[in-house]
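Under our numbering, the first residue of the sequence shown carries the number 4, and numbering increases by one thereafter.
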Amino acid sequence: MPTRTAPSLAEERAWWREHPDPQVTRTADRLTLWNYPVAGTELAPAHAAALQSFLAVLALAPALTATSIEIVGHASVTGEGNDGIARQRAEKIAAHLRRLGFVKMDVSTAGAAQPADPGTSGQALARNRRVEVTLYTPAVEPEPRLPIEPWKPTPTGGDPPSNGGVGGFFEVPVEIQLDDVDDGKVHATLTLVAKLKVKVTRGEAKNAEGIVLKGGKLSAKFEAELVGHLKGKLGFDPGGDGKAPSAKATVAGQVFGFTVEAGFQTKPQFFTVTVSLGKVKVEPIELEGLTFDLELEGQVRIDIGPSPRLMARLGIAASAPGIVAVGTVVGTVVVIAGCAYLVDEAKREGCSWR
């Protein structure tokens, strides 16, 4: 059998001198930073930029995200002290992410024991001088299905059946605009939202009415459970101080482990999507039959509509998108009400939603 040539440290260094640029390989949940300098451990600017792009969404609220980050350092088989070199590579990336606010990290080293490329060429050794950054998002366990009680007709002259509980809440959102893009056709705004919510319930409340304090003004909001994990939300802002009244209708549910809320509002940017980055909840307090819940939630929201410049070119009044959105909101409300009606009818017939 032909003997296999052992990797040469001199050849490895010669190859790197001819190809010194940091390299990146990326998938949906893993980023591999490779072609570190031979025995080098510093985080290159190109690798730092790749990290920032890979973690862009999580970086909006790094301390609140439920996603954990695994960082594993690797080294080639040449030279000495490979375990220490690999660990330093991983530790320096972890230190960089800590400065950005990330806290959920697992840092380890594999030394030269897990080569990405078993070859002995300079390129193979470059692929093994690497750090792998992997994202782990916890699976969302579905809530246990509640038993459906058979419908019972209301006796003549009696009160209508109760929904089993009542609920109310108070919200205080704080918003920071991250970006505003207008290409002459579409106007989009990206906003970071921190929301404090206090909820008071008695019994198993399916619906809740609330008050929102934003910018020193109060507005009303209504939430109702629809099908499965879907929740319908209606909001009304009375306006004031030169601000026109507005309404908003959305539907919220789970998408890839994140709570996503989408719908329409009576504003020029009439389409809105909100993604929850994570929640921090305080242990509920029970007092005389009432349950008090306190939570802090981080969100990122994007509002989209036609560009004011486009409307001006077309001779459309600034209020026109809002008028269109009014009809859209009404339609959304009808859909939400229809879903709620179908759920109620299914319960009356003893059916279950799947």
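Note that beta-carbon positions come from the ideal geometry of N, C-alpha and C, so glycine has one too.
Rounded to the nearest angstrom, the Cβ distance from R133 to A119 is 6 Å, consistent with a contact under 8 Å.
The bridge partners DSSP lists for Y139 are S71.
Counting only the Cα atoms, L67 lies some 27 Å from K209. G125: member of the alpha helix (DSSP H) spanning 125-131, first to last residue. With respect to the 9 Å criterion, L63 and T70 are not classified as neighbours on the basis of their beta carbons. Looking at the DSSP output, K202 bridges to F172, D296. For Q257, the uninterrupted beta strand (DSSP E) segment begins and ends at 249-258. The C-alpha of V41 lies about 48 Å from the C-alpha of E264. In the displayed model, A191 falls within a strand according to three-state DSSP.
C-alpha of E207 to C-alpha of L193: approximately 36 Å in a straight line. In summary, G84 is exposed, with fewer than 16 beta-carbon neighbours lying within 10 Å of its beta-carbon over all protein chains present. If you check the CB distance, D109 and E135 do not come in under 9 Å.
Contact fails between the region 176-191 and the region 278-295, because fewer than three Cβ pairs, one in each stretch, are under 8 Å apart. Where F267 is concerned, the enclosing beta strand (DSSP E) starts and stops at 261-268. Residue pairing by DSSP places N210 opposite A227 in a beta bridge. Short of 7 Å from the beta carbon of H190, and not among the five residues preceding or following it, lie these beta carbons of its own chain, in chain order: Q272, G308, P309, S310, P311. Per DSSP, reduced to three states, the secondary structure at E94 is helical. In this structure K220 is exposed. Its beta-carbon is surrounded by fewer than 16 other beta-carbon atoms within 10 angstroms.
The beta carbon of L280 sits closer than 7 Å to the beta carbons of L63, A64, L67, T68, G301, Q302, V303 from its chain, once the five residues preceding and following it are set aside; these are given in chain order. If you look at L36, you'll find it in the beta strand (DSSP E) that goes 33-37. In the three-state DSSP reduction, Q180 falls in the strand class (E or B). For L280, the enclosing beta strand (DSSP E) stretches over residues 274-290. By the Cβ neighbour-count rule, D32 is exposed, with fewer than 16 other Cβ atoms within 10 Å of its own.
When C-alpha distances from S11 are compared across V80, A53, N38, A49, the shortest belongs to V80. Contact annotation: A227 and G171 have beta-carbon atoms that are not nearer than 9 Å. If you draw a straight line from the Cα of G122 to the Cα of K284, it comes to about 51 Å. Its Cα nearest to that of E21, the residue Q126 stands out among Q126, T140, A49. Of all alpha-carbon atoms in D296, G43, Q55, the one lying nearest the alpha-carbon of G82 is that of G43. Cβ neighbours of I88 within its own chain (closer than 7 Å, five residues either side excluded): A42, T44, A78. Of all alpha-carbon atoms in T275, R205, A250, the one lying nearest the alpha-carbon of G292 is that of R205.
Look at D240 here: in three-state DSSP terms it is strand. Apart from sequence neighbours up to five positions away, the residues of its chain that approach V27 with a beta-carbon distance below 8 Å are L34, T35, L36, W37, A49, H50, A53, ordered along the chain.
Per DSSP, A62 lies in no beta strand (DSSP E) and is assigned neither H nor E.
Straight across, the Cα-Cα distance linking K198 with L233 is about 20 Å. Excluding five sequence positions before and after F105, the CB atoms of its chain that fall closer than 6 Å to its own CB belong to P65, given in chain order.
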